[in-house]
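Following: one structure in structure tokens, then a few remarks.
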Amino acid sequence: MMDNPQDQQDDTPQKKEAVPGLEDVLPLNAAMFEADEILPVPFSVDISEPQHKHIGLLERMLAQENEGTPPPAQPPKAEYHPDSFQRFLRLAIGLILILTITANILYSNRSPSAALAVPSEIVQTRTILRGLSSESMVLVAFDYEPGFSAEMEPLAAAVFQDILTTQAVPVILSTSPLGTLQAARLMQKIQPPTARQPIYLGYLPGGAAGLMSLTNSLRNTFPLDVDGESPWLPDSANPKLQAINSIADFAAVIVLSADAENARNWLEQVQPALNKTPFIFALSAQAAPLIRPYLSGNQLQGMIGGVIGAHAYQEPKQPNAMLQMTWDGFAAGVWVAVAFIVCGSGISLVLLSDPARKKRRKQRQKRRLP
Amino acid sequence: MMDMTEIMAAALGFLITCAIFSYILGDNPLLRLALHVLAGAAAGYTALVVFNTTIKAQIYEPYMHGSTEERLLLGVPIILGVLLLAKLVPPLSSRLIWAGNPTLAFLSGVGAAVAVGGAVTGTILPQVWASVNVLDPQAVMETARSSPWSLVEMVGNAVIILLGTLTTLIAFHFGARSGQTPQRPGWINTLAQIGQGFIAITLGVLFAGVLLAALPAMIERCQSALEFIYMLLGLVIR
Numbered sequence: 005m006m007d008n009p010q011d012q013q014d015d016t017p018q019k020k021e022a023v024p025g026l027e028d029v030l031p032l033n034a035a036m037f038e039a040d041e042i043l044p045v046p047f048s049v050d051i052s053e054p055q056h057k058h059i060g061l062l063e064r065m066l067a068q069e070n071e072g073t074p075p076p077a078q079p080p081k082a083e084y085h086p087d088s089f090q091r092f093l094r095l096a097i098g099l100i101l102i103l104t105i106t107a108n109i110l111y112s113n114r115s116p117s118a119a120l121a122v123p124s125e126i127v128q129t130r131t132i133l134r135g136l137s138s139e140s141m142v143l144v145a146f147d148y149e150p151g152f153s154a155e156m157e158p159l160a161a162a163v164f165q166d167i168l169t170t171q172a173v174p175v176i177l178s179t180s181p182l183g184t185l186q187a188a189r190l191m192q193k194i195q196p197p198t199a200r201q202p203i204y205l206g207y208l209p210g211g212a213a214g215l216m217s218l219t220n221s222l223r224n225t226f227p228l229d230v231d232g233e234s235p236w237l238p239d240s241a242n243p244k245l246q247a248i249n250s251i252a253d254f255a256a257v258i259v260l261s262a263d264a265e266n267a268r269n270w271l272e273q274v275q276p277a278l279n280k281t282p283f284i285f286a287l288s289a290q291a292a293p294l295i296r297p298y299l300s301g302n303q304l305q306g307m308i309g310g311v312i313g314a315h316a317y318q319e320p321k322q323p324n325a326m327l328q329m330t331w332d333g334f335a336a337g338v339w340v341a342v343a344f345i346v347c348g349s350g351i352s353l354v355l356l357s358d359p360a361r362k363k364r365r366k367q368r369q370k371r372r373l374p
Numbered sequence: 003m004m005d006m007t008e009i010m011a012a013a014l015g016f017l018i019t020c021a022i023f024s025y026i027l028g029d030n031p032l033l034r035l036a037l038h039v040l041a042g043a044a045a046g047y048t049a050l051v052v053f054n055t056t057i058k059a060q061i062y063e064p065y066m067h068g069s070t071e072e073r074l075l076l077g078v079p080i081i082l083g084v085l086l087l088a089k090l091v092p093p094l095s096s097r098l099i100w101a102g103n104p105t106l107a108f109l110s111g112v113g114a115a116v117a118v119g120g121a122v123t124g125t126i127l128p129q130v131w132a133s134v135n136v137l138d139p140q141a142v143m144e145t146a147r148s149s150p151w152s153l154v155e156m157v158g159n160a161v162i163i164l165l166g167t168l169t170t171l172i173a174f175h176f177g178a179r180s181g182q183t184p185q186r187p188g189w190i191n192t193l194a195q196i197g198q199g200f201i202a203i204t205l206g207v208l209f210a211g212v213l214l215a216a217l218p219a220m221i222e223r224c225q226s227a228l229e230f231i232y233m234l235l236g237l238v239i240r
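These protein sequence lines are chains A and B, in that order. This note's numbering runs 4 ahead of the 1-based position in the first sequence. This note's numbering runs 2 ahead of the 1-based position in the second sequence.
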């Protein structure tokens, strides 16, 4: 490229390449844009009647491009303004939701709510987690961002209640830089003083490639823990980690995730290497429907989805305090949202069936068509 | 009794919550300020974590304390990383901007290989196998023996899965033979409309999931704002 004299005169990256840094991907040859004449096409073209019409239409459109068009007339003030109506709707919906939830928090009596039907995957999760022993090491991945902590913390608390009760040792890692902080925050809230201290391996960079590395070589992927010490040495704080050489040596692998893409990465990179180690997901309500097919395909041994899943998971006799605080407001918020959706759908149906509106819509469609 | 740091943290949380909630009045400078503060704080913390867990733990420590072989092997990521810096500062290195290309090529190649390999072995093959198993005659017979109601449920599920998969795929079929008018045959159009119904239901489920995931965040923020107001009132009364 530097052989071209033009490039030597002006060698800024923008001039040299269309995409800076990606040389020759999109070559920006100046000669391409400096042709003075259009060369005749050395072949004849068979053009059908509809194509002739389209060419005529295109030519008319191009001709109109050069003609000055009058500015669009300003709508009269009294006419309907979609923007202001949207703003009003947003304000009304926001205020109603905030007031309902606040009133629920203020006046809720925190009485135990009715037990939900427990799906089979939650029963399986309970069985696996309650079958752990004090000798078990459990790998837990905190793969959610702080924005989801309000939903994920009650879920994680429900899972950890069982892990801590069995005295199993949680080994914590995260593919999100903020994940270890989330784990430490949760442990501070729920961990009883007598419980076993978790081992924090820390942040695993690289996304899917990082997970593959974790599967292939656990010890090389985490040479040091978050304190900068090697957790794999015999004289380390947790000598039981000596027995762990690969990810399949853990008693269970639990992934707490709010993102379906991230959960899928775990399924694609880690699950095939687990052999018989139980693989459990605790997911946000937005990720759970997308991961459910993997549960049906027996790639997962257990799954809890969202606040509703956490509520079904907990024992009615031992309610999870963190979940109980969210549950009442959650139920009220869901009812309000359902009411809005039903009312909105009803109003839309009525408006759609209005003959005057139908006529206007048809006229608009006609105007759009050539 | 709360110390000053806790009071300041609660006040900051309350102010940022109010700034975020101000979005119901429309886009405004307060909202943008809060978003910038959150993005900046997250980016700063992320940089610190990445430095400690990646650069220090994976590069610096092994280089300082590792054997000669380990140091030589570490040369590869160090060189690739340094070359990538050429992309970061184009005004300083306009003549060297190409130097980062091998690193980008390596990252793209490894990323694509890992993603494709994982998708085939972790999603496509197991999911195809699971879809086939739904219609496995042996499993159907075993279920029929255990309970007739389970059989009805199983067959119903299988029919819905089959119908949903086929009609959704057909909904994206827009092919037409040359010489014909570009219009789908009537029977394909009917099946495509059923497929569009399945797509609409799926999008509805995803929307419901997003709503259910966002509600707890709103509840937690309302709760924290109320706690702060109670705390302020308690301080004033005292």
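Glycine included, C-beta positions come from ideal geometry on N, C-alpha and C. Just so it is clear, the structure is predicted and the values come from calculations on it, not from any experiment.
Following the DSSP letters along the chain, one finds P174(A) inside the beta strand (DSSP E) bounded by residues V173 to S178. For the set L237(A), L353(A) and G310(A), the Cα lying nearest the Cα of A335(A) is the one of G310(A).
In the DSSP assignment, D332(A) falls within the alpha helix (DSSP H) that extends over A325 to S357. The segment 175–190 of chain A makes contact with the segment 206–214 of chain A; the number of CB pairs closer than 8 Å reaches 3 or more.
In this model, Y232(B) and L110(A) are separated by some 11 Å (Cα to Cα). For D166(A), the enclosing alpha helix (DSSP H) covers residues S153 to T169. Neighbours of Q185(B) in chain A, taken as residues at a C-beta separation under 7 Å, are lacking, since the least C-beta distance is about 14 Å. Straight across, the Cα-Cα distance linking M220(B) with N103(B) is about 44 Å. In terms of Cβ geometry, T167(B) and L193(B) do not form a close pair [threshold 7 Å].
DSSP places F285(A) in the strand class (E or B) of the three-state scheme. Comparing C-alpha distances from L159(A) to each of D229(A), T170(A), L177(A) and A187(A) shows the shortest one belongs to A187(A).
Here N279(A) is not near A247(A), since their CB atoms are 7 Å or more apart. Chain A places no beta carbon closer than 7 Å to that of A36(B), leaving this residue out of the contacts. Contact check for S261(A) and F283(A): beta-carbon distance about 12 Å, past the 8 Å limit, so the pair fails to qualify. Here the segment 291–304 of chain A makes contact with the segment 268–275 of chain A; the two share three or more CB pairs at distances below 8 Å.
Here DSSP, grouped into helix, strand and coil, assigns D147(A) to strand.
In the DSSP secondary-structure assignment, Y207(A) is bridged to S178(A). The Cβ atoms of T330(A) and P218(B) sit closer than 7 Å to each other.
DSSP places S124(A) in the uninterrupted alpha helix (DSSP H) bounded by S124 to R134.
Under the three-state reduction of DSSP output, I248(A) falls in the coil class, being neither helix nor strand. Here the alpha carbons of L82(B) and I99(B) stand approximately 13 Å from one another. Distances from the alpha-carbon of L127(B) to those of T281(A), S352(A), S140(A) and G301(A) put G301(A) closest.
Listed in chain order, the positions of the segment 214–236 of chain B with a beta carbon within less than 7 Å of a beta carbon of chain A are L214, A215, L217, P218, A219, M220, I221, E222, C224, Q225 and L228. Residues of the segment 143–160 of chain B with a C-beta atom less than 7 Å from some C-beta of chain A do not occur. With the rule of 3 Cβ pairs closer than 8 Å, the segment 165–177 of chain A counts as touching the segment 134–146 of chain A. Residue contact with chain A for G28(B): present (Cβ-Cβ distance below 7 Å to some residue of chain A). As a beta-bridge residue in DSSP terms, L260(A) pairs with F146(A) and A286(A). At a C-beta separation below 7 Å, I251(A) has no neighbours in chain B, since its nearest C-beta there lies roughly 14 Å away. Fully contained in the segment 95–122 of chain B are the following alpha helix (DSSP H) runs of length 4 or more, in chain order: 103–120.
Using a Cβ-Cβ cut-off of 7 Å, T55(B) counts as an interface residue toward chain A, since at least one Cβ of chain A sits closer than that to its own. The continuous beta strand (DSSP E) containing I308(A) extends over residues G306 to G309. Under the Cβ distance rule, T104(A) does not count among the residues neighbouring chain B, no pair being separated by less than 7 Å. Counting along the chain, no alpha helix (DSSP H) covers L278(A), and no H or E run does either.
The secondary-structure analysis by DSSP pairs M141(A) across a beta bridge with V173(A).
Sorting F108(B), P150(B), V136(B) and V207(B) by C-alpha distance to the C-alpha of V78(B) places F108(B) at the top. Taking a Cβ-Cβ threshold of 7 Å, the residues of chain A close to V51(B) are P181 and Y207, in chain order.
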